[in-house]
Every structure is written in C-alpha cells, then in structure tokens.
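Under the numbering used here, the final residue of the sequence shown carries the number 123; numbering is consecutive throughout. Okay, so here's the structure we're looking at.
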Amino acid sequence: MNITLDYLRGRRVWVVNNFSVYGEFSAVAPLLLWTEIGDTSKRIIFAREILGGLEQIVSFSNLYDIKGNQLPSSISFPKVLLLQKNEVACLVVGPETNANFKIAKLTQSQTVGIVDLVIIENG
1 MNITLDYLRG RRVWVVNNFS VYGEFSAVAP LLLWTEIGDT SKRIIFAREI
51 LGGLEQIVSF SNLYDIKGNQ LPSSISFPKV LLLQKNEVAC LVVGPETNAN
101 FKIAKLTQSQ TVGIVDLVII ENG
C-alpha cells in the first residue's frame, strides 16, 4: 500500500459549484474619539467602529456538493478553498469552525462573487 495515497484518500472532500458571495469584507475597525457639547453636558466619546459590510456566514449543512449530496452539519477541522469564477475577488474571513465559515467579497462591487468551494476535512 502507498501511505501517501492512503492518507489523501482517507480525507473527505466536497466541491460546491457556483456559490454566490454577497457579503462584504470589513477591512477597517478604527478607534474613534469625538466630543459632544450640549447645553448641560460635555462629553468625550471613545469607540471602535467597524467600517464596511457584513461577512456572509455559511453553514456546512446548507451546502450541496456537485453530486447533489448535502454536506454534514459538522466537519472535523475543515479547510475551505475558493476557486474564483468571475472578476469579483472573494476570501474566507477568519478561521473555519466545525459547523460554518465566513466568506466575503474583497471589492466594493454591486456584482455578487461566484466561486467554487473546495471543502476538505482534516480531522
């Protein structure tokens, strides 16, 4: 037996075709400081605001692979790879969990991103 071949075949892999990405990447979270002066009070306000859109949260149980099979609700140590299908750049935001992952468009475009998802179980 080939050990490398056994290792690669022992992992579950799913491919999801033509997934639409509409979430927007929040690239900036600046610290803001401003003052507010009213008739009876004066305030200094310090806050962290997120500028940009919201990432799209995708549950594995809501996806179907290219054979029409529904993905399991939990995947051990998943890794999601994106294959771009149009000009809108997309990325996986943050680490994947066993139940879901976040995905977003990098560009501020009205067009949705179209990607193929390759989901690999590593556990």
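We treat Cβ as the ideally placed atom computed from N, Cα and C, and that holds for glycine.
Contact check, residue i vs residue j, beta carbons under 8 Å
i	j	result
Val-21	Gly-113	yes
Leu-33	Arg-48	no
Lys-67	Asp-116	no
Ser-73	Gly-123	no
Leu-91	Val-118	no
Val-88	Glu-55	no
Rounded C-alpha distance that separates residue i from residue j
i	j	result
Val-58	Ala-104	10 Å
Pro-95	Asp-39	48 Å
Leu-63	Ile-44	47 Å
Ser-61	Leu-71	5 Å
Gln-110	Glu-121	33 Å
Asn-2	Trp-14	23 Å
Beta bridge counterpart(s) of residue i as assigned by DSSP
i	result
Gly-113	Val-21
Glu-36	Arg-43
Residue range of the beta strand (DSSP E) that includes residue i
i	result
Ile-66	Counting along the chain, Ile-66 falls outside any beta strand (DSSP E), and DSSP gives it neither H nor E.
Asn-74	One detail in the question is off: residue 74 reads as Ser in this sequence, not Asn. Careful: Ser-74 lies outside any beta strand (DSSP E) and carries neither H nor E.
Ser-59	56-59
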